[in-house]
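Asks: The structure follows.
What follows is the structure, encoded as structure tokens:
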């Protein structure tokens, strides 16, 4: 016999699909792949590097917008900069709402493990860091758009269905994510509890709370709040992902683009410099013509180093930490270029498609900082800031992120030479340009060699370490 939960799911599905089937629009939805009755595009919606597939759909259907449906829920992907500016800036009032999602990402400072738990990170294989890495991996599996569409569409009945049922595989990913996040919060806290008990605890937020409340009932709301507060700092030490299973569990979910885009941009910058030695040489020549070799560049030098600025822009254009920007909910029916964007649709900007549009950027797969320079050698007006979102949902930390990326890249260029690593036989190890899936897309693994440029650079590095030559 069917359980009450299964009947509830069936009833919800039938009612939802019936309501959606009755909707008629003056204009068609944006084009997309052929859907299957009831489930829509559940089987064809991409879950691996979906931004690439969405861009391919745009080329296939010759449309700036594409759409697909899953159990009656309409998803619209915006693949052009022109459409994104029109919808998310000129018509921002209709496109500023966010859907309720069960997982969100986070950003926090990277030097807070000591403050939270009195814990000094091990140079390699730190056990607490490994907990965060596991949580990040499981989180990435459930942040791809469409990966958890059933639970977002039918939250009540799906919650009570077993994970072994066909189509419920995402529940296993969610359960895994729940466990890894719980371990991430509980394991370091329990370690501090043991240290307090044996008198070896270092000063920290966790140890202070445990000492002051050691006689209170374990597991009460006060302890949970304290544990979550430390978790805010703890996850920030790796600064990538988080989740929101309960609103009060972990309240660290703003400014994701600052940390995610910064980390990915710096990793991509190093990889790009290793792959493009001529770019590195030209940038270093520019720096040497402006900056005294006895000191590092400063923010005041930024306007005098346009080629370095162009490198940063090209890095941010070529590889995004967030290929798909924040998902929004359409507040009322709208029409764009003869296509209906229905009320309640989930709409997302495909930043990867915009920054790799061959109609805007010639040879988009080629690393060319010159595309951001005028004929006079100055920076042009293309700032690549679309990577931080549009309108009311853009990233408030974008200027800080850009400044952080610039000062790090220019400092690296000033003192280091970056090249491909070599194997034991002296052969260069190839660098493959790969990326990870998930809510944040990081570069795949690669090996490089980083060495001081010359004797002057080595002397500067020694002086910066407090050990002048």
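In mature numbering (1 follows the signal peptide of the UniProt record, and there is no 0), the protein residues as written are -17 to -1, 1 to 452.
Note that the Cβ used here is the ideal one computed from N, Cα and C, for glycine as well.
Since this is a predicted model, take the numbers as computed values, not measurements.
With DSSP run on the structure shown, which of helix, strand or coil describes residue 308?
Replies: Three-state result, residue 308: coil.
Asks: Among the candidates 257, 27, 303, whose CA atom is the shortest distance from the CA of residue 399?
Replies: Here the closest residue by C-alpha is 257.
Asks: Measuring only the C-alpha atoms, how far is residue 356 from residue 395?
Replies: For residue 356 and residue 395, the distance between alpha carbons rounds to 21 angstroms.
Asks: Tell me whether residue 170 sits in a helix, a strand or coil according to DSSP, three-state version.
Replies: It is helical.
Asks: Give the range of the alpha helix (DSSP H) segment to which residue 260 is assigned.
Replies: That run of the alpha helix (DSSP H) goes 260 to 273.
Asks: Pick out whichever of 101, 169, 263, 269 has its Cα sitting closest to the Cα of residue 186.
Replies: Of 101, 169, 263, 269, the residue nearest in Cα terms is 101.
Asks: If you follow the alpha helix (DSSP H) that residue 33 is in, where does it begin and where does it stop?
Replies: Run containing residue 33: 33 to 44, per the alpha helix (DSSP H) assignment.
Asks: Look at the Cβ atom of residue 443, then the Cβ atom of residue 276, and state whether they are nearer than 8 angstroms.
Replies: Yes.
Asks: Can the beta-carbon of residue 21 be found less than 8 angstroms from the beta-carbon of residue 37?
Replies: No, the pair does not count as a contact, with Cβ atoms beyond the cut-off.
Asks: Could you tell me the alpha carbon to alpha carbon distance between residue 286 and residue 270, rounded to whole angstroms?
Replies: So the two alpha carbons sit approximately 12 angstroms from each other.
Asks: Could you tell me if residue 226 is buried or exposed, where buried requires 16 or more neighbouring beta carbons within 10 angstroms of its beta carbon?
Replies: With a pLDDT of 32 at residue 226, under the threshold of 50, the modelled position of that residue is not reliable, and the figure given next carries that caveat. Residue 226 should be labelled buried.
Asks: Would you identify the three-state DSSP class for residue 135, choosing helix, strand or coil?
Replies: Here residue 135 scores only 46 on pLDDT, less than 50, and its place in the model is too uncertain to base an answer on.
Asks: Taking residue 326 as the reference, give the member of 109, 352, 77, 392 with the closest Cα.
Replies: Here the closest residue by C-alpha is 77.
Asks: Secondary structure at residue 56, three-state DSSP: helix, strand or coil?
Replies: Correct three-state label for residue 56: strand.
Asks: For residue 447, which residues of its own chain have a beta-carbon under 6 angstroms away from its beta-carbon, when the five flanking residues on both sides are left out?
Replies: Hits under 6 angstroms: none found.
Asks: Which whole-angstrom value describes the C-beta separation of residue 426 and residue 302, a residue pair presumed to lie in contact below a C-beta threshold of 8 angstroms?
Replies: Yes, they are in contact, since the Cβ atoms of residue 426 and residue 302 sit about 7 angstroms apart, within 8 angstroms.
Asks: Based on DSSP bridge pairs, tell me the residues matched to residue 71.
Replies: DSSP, once it has assigned bridges, lists no residue as partnering residue 71.
Asks: Taking 8 angstroms as the cut-off, decide whether the C-beta atoms of residue 331 and residue 307 are in contact.
Replies: Yes; because the gap between Cβ atoms is below 8 angstroms, this pair is in contact.
Asks: How far does the alpha helix (DSSP H) with residue 289 in it reach, from first residue to last?
Replies: That run of the alpha helix (DSSP H) goes 289 to 301.
Asks: By alpha-carbon positions, which one of 324, 418, 320 ends up nearest to residue 314?
Replies: It is 324 whose Cα lies nearest to the Cα of residue 314.
Asks: Would you identify the three-state DSSP class for residue 164, choosing helix, strand or coil?
Replies: If DSSP states are grouped into helix, strand and coil, residue 164 belongs with the helices.
Asks: Just checking my contact of residue 210 with residue 168 at CB under 8 angstroms: how many whole Å lie between their CB atoms?
Replies: 6 angstroms between Cβ atoms; contact.
Asks: Return the Cβ separation of residue 27 and residue 47 in integer angstroms, given the expectation that the two are a contact with Cβ distance under 8 angstroms.
Replies: Between residue 47 and residue 27 the Cβ distance is about 21 angstroms, and since that is not below 8 angstroms, they are no contact.
Asks: Buried or exposed: residue 33, going by 16 or more other Cβ atoms within 10 Å of its Cβ?
Replies: The residue is buried, with at least 16 neighbouring Cβ atoms inside 10 Å.
Asks: According to the neighbour-count rule (16 or more other Cβ atoms, all chains shown, within 10 Å of its Cβ), is residue 299 buried or exposed?
Replies: That one is buried.
Asks: For residue 317, name the three-state secondary structure that DSSP assigns.
Replies: In the structure shown, residue 317 sits in a strand (DSSP, three-state: E or B).
Asks: Are the CB atoms of residue 52 and residue 9 nearer to each other than 8 angstroms?
Replies: Cβ atoms of residue 52 and residue 9: not closer than 8 angstroms.
Asks: Identify whether residue 441 lies in helix, strand or coil by the three-state DSSP scheme.
Replies: Reduced to three states, the DSSP call for residue 441 is helix.
Asks: Identify, in the order they occur along the chain, each residue of the same chain with its Cβ nearer than 6 angstroms to the Cβ of residue 397, setting aside the five sequence neighbours on each side.
Replies: Contacts found: 270, 279, 280.
Asks: So what's residue 333 in DSSP terms, helix, strand or just coil?
Replies: Strand.
Asks: Mind checking whether residue 294 and residue 284 have CB atoms under 8 angstroms apart?
Replies: No, the pair does not count as a contact, with Cβ atoms beyond the cut-off.
Asks: Have a look at residue 163 and residue 361 and give me their C-alpha separation to the nearest angstrom.
Replies: Rounded to whole angstroms, residue 163 to residue 361 spans 48 angstroms at the Cα level.
Asks: Name the residue from 304, 260, 45, 194 whose alpha carbon lies nearest to the alpha carbon of residue 246.
Replies: It is 304.
Asks: Out of 55, 333, 289, which one is the CA nearest neighbour of residue 24?
Replies: The candidate whose alpha carbon is nearest that of residue 24 is 55.
Asks: Roughly how many whole angstroms lie between the Cα atoms of residue 206 and residue 434?
Replies: Their Cα atoms are separated by approximately 48 angstroms.
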